[in-house]
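See structure below.
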Amino acid sequence: MLGLLESIAIVVRETAFRSNKDPLATENLDLMDADRGSIVTADDGVPLAVREVGPCDAETTVIFVHGYCLRMSSWHFQRRALEQQWGSTVRMVFYDQRGHGRSGVPSPESCTIGQLGLDLDAVIRSVVPKGRIVLVGHSMGGMSILSMARQRSDVLRQRVIGAVLISTTAAGLAQSGVGRSLQNPAVDAFRLAVRTSPGFVQFGRGAVRALISPILRAASYGTRVSPRLVAFSQSMIDDTSVVTIVNFLETLELHDESEALLEFENIPVSVVCGDEDWIIPFASSEALARALPRSETVRVRQGGHLVQLEFPEQVNGAIQRLVARATEAAGKKRRWGVV
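Below, the structure is given as structure tokens:
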């Protein structure tokens, strides 16, 4: 039945495109700009831009962590739909990762998955000092969650009741399609220049962007999507500094947060991935789910890497189910006096 509904949705969307009707023509993609905003200072001084929706005293807060070359607005469809679903019962927190969106420019040395985990911890300490937490991460955001879990296992055990890991992996991307594509002498030379000769960086910006941007764009979607949506996601890639793009490549290729999976032994997790994602192949998500004993796997048919934008209804459903499952489990623990 689910497969039939997915097929119908794709047919309807294709029909709209053939009739030159963009279903997102009137969509307000800047919705988050009106949400409550604040700045969290990371441990090394980098300012992190934060937005919130929902009451500050909500019993449960869902924190959304975006991916590489994106920004918090990549969660637009989740922010819009889940506010309608949850109302005042759940608070949502979004933030821009360092070097992305409206957050500050980091040093090259701090562009690591390890530091992103500490940034997430800083957001929790500053914005969500109490209450139950569900973590939702896409791509590099999922890696950030695993990094935080490894470094701050006390926070995970005491505060986090569930997680949704979307299009992500516990280990590096070196052997994936995008990892091999980005193993390029021009990228390596630019990365060296960023660290050793920053004055010469401007000369290589155009060449590196011309190499990287088409790869990320091609991997974004598995189906034909709204032209406005394509422009929206492309603007996020284009707005990300080439220096940031290159500085994070090494940590994306080589990181390994497999140790963190042990921390999720008693935490409900939903693993979501499109089966047309060649940045994080679906087989990698299956392997991730096998290592998480309380996980469910959501396979999004024909979904590319930006599955939360391409098939928002399915991703929203996975988040809603996980939050319901996690809050129910947390309620049982409270009744039983289990901490």
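Heads up: the sequence shown begins at 191 in our numbering, then just goes up one per residue.
Ideal placement from N, C-alpha and C gives every residue a C-beta, glycine not left out.
Residue i versus residue j: straight-line alpha-carbon distance, rounded
i	j	result
Ser474	Ser403	23 Å
Thr430	Thr302	16 Å
Glu486	Gly396	42 Å
Thr358	Thr216	31 Å
Leu221	Gln348	33 Å
Gln274	Arg480	33 Å
Val350	Arg241	20 Å
Asp233	Ser293	14 Å
Leu539	Ala361	Outside the shown range of the chain (191 to 529) lies residue 539, about which nothing can therefore be said.
Ile470	Gln305	21 Å
Leu496	Asp344	31 Å
Val252	Ile405	31 Å
Simplified DSSP assignment, three categories, for residue i
i	result
Leu482	coil
Arg186	Any question about residue 186 goes unanswered here, given that the chain covers just 191 to 529.
Arg511	helix
Ala199	Its pLDDT being 48, under 50, Ala199 is placed unreliably by the model, and the measurement read from it follows with that caveat. Helix, per DSSP.
Thr517	helix
Pro471	coil
Ala361	strand
Asp446	strand
Thr441	helix
Thr434	helix
Arg418	helix
Val318	coil
Burial state of residue i, where buried means 16 or more other Cβ atoms lie within 10 Å
i	result
Val295	exposed
Thr279	exposed
Pro319	exposed
Asn218	exposed
Gly521	exposed
Cys259	buried
Asp286	buried
Gly235	exposed
Gly227	exposed
Ser337	buried
Pro458	buried
Gly277	exposed
Residue(s) in a DSSP beta bridge with residue i
i	result
Thr251	Arg281 and Ile323
Ala239	Ile229
Ile356	His328 and Val462
Val350	Ile323
Val295	Bridge partners of Val295: none, in fact.
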